[in-house]
Amino acid sequence: MRRLRTAEEFRANWGIRLTVLLALLMWMSVGLAGAAFGSLPPQAFASIAFFVLFFSGFVAYYWSMAYVVDEYGVTYRGVSEFIHFPWEEIENVRDSELPLGGYYVTTKAGGFVLNKFVRGREELRDLIIARAGLFPVTT
């Protein structure tokens with residue numbers, strides 16, 4: 012079977028990806044400097060290790076997060092998960108009430124959030140509305 016349209020990919024914007032990467036590198040350099048100069052108490056290394064793990068998780072999340080739109084639906088691609096939402100199952104797109112906002116897409120199997128960190132979020136929202144047939148009904 013041949014695809015009619017090429018898939019479009021929407022990823023996290025560069026601002027958030029570089030911010031979490033720089034935070035990770037900063038905490039790693041603090042740990043290395045503390046180990047090299049021996050000026051930190053041993054308890055400080057536990058805190059540094061926590062922040063290195065914390066920002067490693069964010070780096071993994073934001074650098075792998077993507078929404079792929081093709082003729083069959085929207086696929087969310089994360090660090091360890093791929094979730095596909097066919098066009099027929101998408102029911103509604105509305106403003107999200109979460110702190111980082113964006114849009115909440117309701118499906119028959121649940122839903123997902125297009126937060127403000129997604130580059131091209133407005134275009135992605137419009138693609139979902141158009142391809143899922145969610146145009147407003149006029150009377």
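The sequence shown lines up with residues 12 to 150 when you count with the working numbering. For every residue, glycine included, the Cβ atom is placed at its ideal position computed from N, Cα and C.
Same chain only: Cβ atoms within 7 angstroms of G84, ignoring 5 sequence neighbours per side: H95, F96, P97, W98
Cα-Cα separation, P53 to A60: 11 angstroms
Limits of the beta strand (DSSP E) - the one that E144 falls within: The sequence given here places Gly at residue 144; Glu does not occur at that position. Careful: G144 lies outside any beta strand (DSSP E) and carries neither H nor E.
Reduced DSSP secondary structure (H/G/I, E/B, other) of E108: coil
DSSP state of E102 mapped onto helix, strand, coil: strand
Residue interval of the alpha helix (DSSP H) (run including V41): 25–48
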